[in-house]
Structures are given as structure tokens and as C-alpha cells.
Amino acid sequence: MATVKLPAVRADDAFGEQVRSHYTVEENSNKPVDLVKLEEEREKRKGKYSQIAHDYYELATLNLEFGWNRKFHFGPYLDKEQSIREALAAHDHYQFLTMGVKPGMRGLDAGCGIGEPARDYVKWADVHITGVTITQFQVDRATQYAEEEGLSDKVDFVRADFCQMPFPDNTFDFVYAQEATVHAPELRDVYTEICRVLKPGGVFGVGEWCMTDKFDPKNEHHIDIRRRIERGNGIANMKTTAKALEEFKFAGYEIYHVEDHALKGLKERPWWSPLDANTKLFPTGKDWWTVYFLKPWVWRLARAFTWTAGKVGYQSKVDTDTLLEALNTQGQAVWGLRDGGKYEIFTPCYQMYGRKPENWVHPQPEKAKEAAIRVAAAAAAKTTTNGEAAVV
């Protein structure tokens, strides 16, 4: 297996700045919330969404891969014996079946991470998947794993912004996004861009991170939980379920199914139970260790070891800073997500499915013009040999 090179933390790291400005080592935040300042900050983040998402995944990819799973998402647990990997695969398979994917189709994974769901899709059916991710680091990891599994002819991975893709109109038979489009500054932008690249009659299935209808925008505790989820996961501006559905409709889909799939799981073993570090619910194999290492004291110990390793010269300052930033980020993310689940004000699995109408008209004329220019430029420049799409 190829050596993994850690991405470096840059001095102008937008995501690192927002984490450093908020993060504390305590798992719960009791800071008073300045609502005006918070909303101003969220608006500013929308303008930096691409950089924030890029920096987040540069920092967090290896932690997610080795500390959680190669599938960077959640899912409901349908029985007491189901492993984390089995639950996530079942969640993907449910989406696959609900979209009605058939052999011979060409699909797009919008926000593909390191490509594990895409590799599963092509194993379930004779389809081809193109994955889009914001970082070249993830493109390289996804490509490496596809080669190791002998799937290079079935999947390919491209570095691009899923709000501004280089693909021509009407390219894909189906598109799916599993807990990724939350990184868009406005959901209508990414949903519309996805509809543009779908063929007429094609299906889009999305699992969206949202605040539920139990979220109270005037409740400071609720607001703080949302803040931790956003800042800990490199999110610019997370929406409510009602707003997400409104944006999905705006994009022009013929909606045929909507549900919060997180509610399908066992009440005694909810989707967030691994984040609560209760090893009794995950007593065997890799899952026990995954859950055990989510305990707060383990997190603090890992930070101490990482800091010490850098101090004595065992690893470079750049690697130390990168690892500490990733640990800090993941700590904030874990406890924010856990609390959002406990209070039922957040769901990672709000699923919406829709078809592109035969007579679809782009609802954002200016963005349609921008897309035409972008696609023409990408076609002229073509795609570079390392899988990185030309971004204009």
C-alpha cells in the first residue's frame, strides 16, 4: 500500500481558524451565545464554503477513515447485532434500492469521500460511478482503493466543487449524495447543479444533514449544538428539514419519497449511540475499539501524546499541528452530533428522492450561463492525468 502523506496545515487555513476560535477541550460548551454575531459568522462562512470543506477533509479524512469507517456517514441500527459497517452498508443499499438503480446505468456520487459507497454500488449492480470530491487527497485515496479492489474500470474520481461541476448537461442516469451536500452554502445551488447534470427522467437521492422540527432557533442550547456540529464538521450553513425540502422542490424535482431514515432504527440503539461511547451496545470486534476510542478521556490522552511526540522531535511540527487540529476538530464534531441526536434536534439521514422532469428548465438562469461557460472551458482543457478536473 502506498505511503500516506499528511496534508499540511496552512497559515491561512480558513477552517482551522474557525475551529481555533471556538474549540475548547471540554466536551460541552457553556459559552453565552451572541445570536447576532453567530449569524454574521454563518453568513461569512457561506462565502468560504469551498475552502472550509476542503480544509476540513484535508484535516479529517485519515481520522474518519481509521477512527470511524471508510464510509463517512451514519445510519440507523436495525437490530442489536448489526455492526457499524453493516448498518452503514444497509443504509447505502436502501438508498440504492429506493432510486431504482439498474445495470448499465451511469451514476454520480456527489461528495464521494474516499469512494467506499461508490465501490459498493458497482458491486451491487453493473453500473459505472463517477465520484466528485473537493480534495485531491480524497481523489488519490479513492483511486488507490479502487485499484486495489480491481474496480478501476467501474469507478473514477474527480476533484471538483459539486456546486460548479465540469460535466455537460444531461450526463448521468442517477445521482446520489450521502450526507455530503450539507457543505454547500445554499442547498438550492447544489440540488439545481445536480439536476442539470442528470438526464431527463433521471433520479437523485440525497441523505441530508438537517436540524429537525424540534430545533428551536431561540434556544441557546440548541443553537450551541448546531454551532458545534457546523464548526466541527466544516459546514458553512446547515438547514432545517423544512428548508431542505423547500430547496429540493425549488430545484425542480418530481418528488416521490421523503423520510427521516434515522427514525427507522432501534430506540435503544439510535444512530448516535457509537458517539456516546457506550461499548455495551457494541461489544465485539472492531466496533468495540471504534466506540471505546470515542470516550472523552481517550481523546484527551491522544492529544497529550500527539503534543508530546512533537515536543520531543518524534514527528515534525507540521505533522503535529495537523494531527492536533484534526483531533480537536473531531472532538467538537463528535460531541455536537451526539447531543444533537440525544435532543432529537438533528438528523444525519433526512432522505429526499426525486426525478428530473422531461421538460426541466434551469430555475437559476445566471447559473445556467455560468455552467455553460464552465463546461466549455473544462472540455477545452480536458481532464488532467491525475484525475483533477479543470476548475474555472
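In full-length UniProt numbering, the protein residues as written are 1 to 392.
Glycine included, every Cβ here is placed at the ideal spot set by N, Cα and C.
_Backbone secondary structure at glutamine 136 - three-state DSSP_ = Position 136 of the sequence shown holds residue 136. Here glutamine 136 sits in helix by DSSP.
_Spatial distance of valine 101 from threonine 329 (CA atoms)_ = Stepping through the sequence shown from its first residue, residue 101 is reached at position 101. Stepping through the sequence shown from its first residue, residue 329 is reached at position 329. Distance between the alpha carbons of valine 101 and threonine 329: 36 Å.
*Is it the case that the Cβ atoms of cysteine 112 and phenylalanine 157 are separated by a distance below 8 Å?*
On the sequence shown, position 112 is the one that residue 112 refers to. On the sequence shown, position 157 is the one that residue 157 refers to. The answer is yes: Cβ separation under 8 Å.
*Should asparagine 69 go down as buried or exposed, given a rule of 16 or more other Cβ atoms within 10 Å for buried?*
As a first step, residue 69 is located in the sequence shown; it is residue number 69 there, counting from the start. With 16 or more Cβ atoms within 10 Å of its Cβ, asparagine 69 is classed as buried.
_Rounded to whole angstroms, what is the Cα-Cα separation between alanine 262 and glycine 313?_
Working through the sequence shown from its first residue, we reach residue 262 at position 262. Working through the sequence shown from its first residue, we reach residue 313 at position 313. Taking the straight line joining both Cα atoms gives about 45 Å.
*Determine the direct distance from the alpha carbon of alanine 242 to that of tyrosine 191, and round the result to whole angstroms.*
Start at 1 with the first residue of the sequence shown, and residue 191 comes out as number 191. Start at 1 with the first residue of the sequence shown, and residue 242 comes out as number 242. For tyrosine 191 and alanine 242, the distance between alpha carbons rounds to 15 Å.
*Alpha carbon to alpha carbon, what distance is there between lysine 356 and aspartate 140?*
Position 140 of the sequence shown, counted from the start, is the residue given in the question as residue 140. Position 356 of the sequence shown, counted from the start, is the residue given in the question as residue 356. Taking the straight line joining both Cα atoms gives about 32 Å.
*Whose CA, out of Glu148, Pro168, Phe215, Phe248, lies closest to the CA of glycine 205?*
Residue numbering aside, residue 205 sits at position 205 when the sequence shown is read from its first letter. Among Glu148, Pro168, Phe215, Phe248, the Cα nearest to that of glycine 205 belongs to Phe248.
*Taking 8 Å as the threshold, find out whether the segment 339-347 comes into contact with the segment 199-213 through three or more Cβ pairs.*
yes
*Could you check the C-alpha separation between proline 363 and lysine 369 for me, to the nearest Å?*
Indexing the sequence shown from 1 puts residue 363 at position 363. Indexing the sequence shown from 1 puts residue 369 at position 369. Whole-angstrom Cα-Cα distance: 12 Å.
*For leucine 266, I'd like the list of residues in its chain whose CB is within less than 6 Å of its CB, leaving aside the five on either flank, ordered along the chain.*
The residue you call residue 266 lines up with position 266 of the sequence shown. Same-chain partners within the cutoff: Tyr77.
*Taking alanine 236 and lysine 46 to be in contact with their CB atoms under 8 Å, please state how far apart those CB atoms are, rounded to whole angstroms.*
Counting from 1 along the sequence shown, the entry for residue 236 is found at position 236. Counting from 1 along the sequence shown, the entry for residue 46 is found at position 46. Alanine 236 to lysine 46, Cβ: 5 Å. Contact.
*In whole angstroms, what separates the C-alpha of glutamate 268 from that of glycine 75?*
Position 268 of the sequence shown, counted from the first residue, corresponds to residue 268. Position 75 of the sequence shown, counted from the first residue, corresponds to residue 75. Answer to the nearest angstrom: the Cα atoms are 14 Å apart.
*Can you tell me which of Gln51, Ile114, Gln82 puts its alpha carbon nearest to the alpha carbon of histidine 73?*
Indexing the sequence shown from 1 puts residue 73 at position 73. Cα-wise, what sits closest to histidine 73 is Ile114.
*Between the CA atoms of tyrosine 94 and glutamine 164 - distance to the nearest angstrom*: Against the sequence shown, residue 164 aligns to sequence position 164. Against the sequence shown, residue 94 aligns to sequence position 94. Each residue's alpha carbon lies about 28 Å from the other.
*Along the chain, where does the alpha helix (DSSP H) that runs through leucine 337 open and close?*
What you label residue 337 is simply residue 337 of the sequence shown in a count that begins at 1. Leucine 337 -> alpha helix (DSSP H) spans 317-342.
*Could you name the residues of the same chain whose beta carbon sits closer than 7 Å to that of alanine 89, not counting the 5 residues immediately before and after it, in chain order?*
Residue numbering aside, residue 89 sits at position 89 when the sequence shown is read from its first letter. Around alanine 89: Asp120.
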